[in-house]
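Report on one structure; see the data block that follows.
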Amino acid sequence: MILVVVRIDDTTWSTIVTEHCNGSRQSPINIVSASAVGNETLTAFTFTKYGDNSTMKNIKNTGKTVMVMLTSGVQVTGGALSEAYDSLQFHLHWGNGTSVPGSEHTVDGTRYPMELHIVNAKSSLIGNTTAAVADGTGLFHLSLRPDEYINITHDAISLDEFLEGVDRTKYYRYLGSLTTPNCNEAVVWTVFKDPIKVRQDLVIHIDHNSTSDLMTNVFRNIQPDNNWVVTTQGRPASGASTMCSSLGPMALA
């Protein structure tokens, strides 16, 4: 018997999951802040039950990330979204804890130690994630970049506390994809400009052992630039591309 060992990582996804992973709007991307197009429709969000300290249902190590499932009723509206989006879960991406930072998105070429994704789906889909990934704006991702650790003083915390210090009125917006297979191009990305502080009770334990293949370097590399249009708050510059208007009603995935 001949045993052939094949290494499968994000560099091979486009050949294994060809339907989506080699598409034209793949995530993550490098956001060039000076190139972001002003869009006045990108208003503030309304966060429902983000102040409730009982919404975090459970936390688990999936073997690929640390994921926290949320109870029903947690929602995001506003921010030029086409409808309300239900917040389903959040999870983390990271590097090896020492030499390799692990945020997925970069801003002006800077990669942060970790990245947190709050995953949302259109409320009208009633939790049907199959329908959500088939919808070009079915998912809405809130992306935040942790840059240090802080302790907490009580057991139960809310999403608002977890996002403390982040100005949620300042963000970048673009249409992209899931950053794991099947890489469905169904995500409205909102990348907040401010980094967050990671609470130690939520992360619990992240393996910093660079020899571990299981829980290190849990991120996808930056994808090719396909003439991305990234928008942000403000008036468009004179003569700016009108493509930005089509990016307004996006969902956070």
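Each residue of the sequence shown is one higher than the last, beginning at 1 in full-length UniProt numbering. Glycine is no exception: its CB is placed at the ideal position from the N, C-alpha and C atoms.
Check, Outcome
"Helix, strand or coil at Gly161 [DSSP, three-state]", "Sequence inspection shows Glu at residue 161; the Gly mentioned does not correspond to that position. In this structure, Glu161 counts as helix in the three-state DSSP scheme."
"Residue environment, Ile196, which counts as buried when at least 16 other CB atoms sit within 10 Å", "buried"
"Residue closest to Gly38, alpha-carbon to alpha-carbon, out of Asp194, Arg173 and Thr216", "Arg173"
"Span separating the alpha-carbon of Gln26 from that of Thr179", "8 Å"
"Beta carbon of Ser123 nearer than 7 Å to that of Asp86", "yes"
"With 16 other Cβ atoms within 10 Å as the buried cut-off, status of Ala186", "buried"
"Distance between Glu164 and Asn53 (C-alpha atoms, nearest Å)", "14 Å"
"Burial state of Thr62 (16 or more Cβ within 10 Å)", "exposed"
"Proximity of Lys57 and Met67 at Cβ, strictly below 7 Å", "no"
"Residues bridged to Met56 (per DSSP)", "Leu70"
"Extent of the continuous alpha helix (DSSP H) run through residue 261", "Residue 261 is absent from the structure shown; the chain starts at 1 and stops at 253."
"Whether Asn217 touches Asn96 by CB criterion (7 Å)", "yes"
"Of the listed residues Thr71, Gly78 and Trp94, nearest to Asn221 (C-alpha basis)", "Trp94"
"Rounded separation between Val74 and Ala121 - CA only", "11 Å"
"For Leu125, three-class secondary structure by DSSP", "helix"
"Nearest residue (CA-CA) to Val188, options Arg145, Gly234, His141 and Asn226", "His141"
"Beta-bridge pairing of Val218 - partner residues as DSSP gives them", "Trp94"
"Bridge partner(s) assigned by DSSP for Thr77", "Thr46"
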